[in-house]
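Residue numbers (full-length UniProt numbering): 1 to 286. Below: the structure, in structure tokens.
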Amino acid sequence: MNRSDLAALADFLRRSRQRIDPSSVGLSPRARVRTPGLRREDVAQMAGISVDYYARLEQQRGARPSEQVIGALARALRLTDDECDYLYRLAGYPTRARGTASRHVPPGLLLILDRLVDAPAQVISDTGQVLARNAVAEALFGGPVLPGRAGNAIWLLFTETQSRPVLKEQLPRLMANHVADLRAVHARRPDDAEVNALISDLLQASAAFRELWDRHDVAVIRSLTKTFVHPHVGPITLECEVLLSASSSGEQSLVLYTARPGTESAGKLELLCVLGRETFAEGEVR
């Protein structure tokens, strides 16, 4: 990127940040005398990057941001498809053709996510990439969305044996469900580079994946029951409902996590909601 590109990128990021009402993205109202819109800290937190790194982007310093960071910023700034394409071009990356798998979450879907304050919710691609999550989901899963394989639920399920957040007894069923779902994704998009790369890497990295893949089971995940092992509230059993996003032709899903009323898990979920709100409050005063 040349100096002109850096300047245009910095200006677009700053103006996009300043036009967003904090309350529209789930942040509590606060007095603002000089600075309209979101603070740099807000954008950095929602994008899963450091405040210092984001500040350097707005100050035209540092190297070109990665494609993953650009995608995270597009989601944090609630950009439209056209604005997202423009941001990618400013950073020197090609834009995806409409109709192909996209990691850009539509602003309307992000608005729904922000309004869900009483239950964990996240937007996930059909290849398992977590694209966005609300504050309660951050409390449940232990942090904001991460880029690359570190933020891919299927990859982590098969490769991160020490950090799986669900009961060990549930792993065989969950693994089989996710492999059957990935089979369905591959059938829909057999020539998709991202789909094929994920499958190839999983085949090399996991014997369990290879065994399940060879079964040729095919089934789209629509709902699941999971018992998460949380460091603060302990085991919590949640119903996971997968709601498809029509705007992305089923390539993105809004996943909602709820507890059955009157159960011990329902009380633990209320505590997670409090933890989620406290996390955002701490982020606002840093």
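Where is the CB? At the ideal position from N, CA and C, for every residue including glycine.
Cutoff 7 Å; reference residue i; Cβ partners in own chain excluding five residues on either side
i: residue 76; result: 43, 46 and 47
i: residue 151; result: 129, 130 and 145
i: residue 62; result: 56
Environment of residue i [buried if 16+ CB atoms lie within 10 Å]
i: residue 204; result: exposed
i: residue 274; result: exposed
i: residue 169; result: exposed
i: residue 122; result: buried
i: residue 219; result: exposed
i: residue 16; result: buried
i: residue 211; result: exposed
i: residue 65; result: buried
i: residue 265; result: buried
Integer Cβ distance of residue i from residue j, believed to fall under 8 Å
i: residue 147; j: residue 134; result: No, residue 147 and residue 134 are not in contact; Cβ-Cβ is about 18 Å, not under 8 Å.
i: residue 153; j: residue 130; result: 6 Å
i: residue 213; j: residue 185; result: Contact doesn't hold; Cβ gap of about 12 Å is too wide.
i: residue 36; j: residue 80; result: So it is not a contact: roughly 20 Å between Cβ atoms.
i: residue 239; j: residue 223; result: 7 Å
Three-state secondary structure assigned by DSSP to residue i
i: residue 88; result: helix
i: residue 235; result: strand
i: residue 296; result: Any property of residue 296 remains undetermined from this structure, which presents the chain solely from 1 to 286.
i: residue 15; result: helix
i: residue 78; result: coil
i: residue 263; result: coil
i: residue 270; result: helix
Bridge partners - residue i, DSSP secondary structure assignment
i: residue 253; result: 124 and 244
i: residue 230; result: 234
i: residue 152; result: 129
i: residue 258; result: 239
i: residue 224; result: 240
Residues of its chain near residue i, where Cβ-Cβ distance is below 8 Å and the 5 sequence neighbours each way are ignored
i: residue 68; result: 147 and 148
Beta-carbon proximity list for residue i, same chain, < 6 Å, skipping 5 on both sides
i: residue 221; result: 177, 181 and 242
i: residue 8; result: 90
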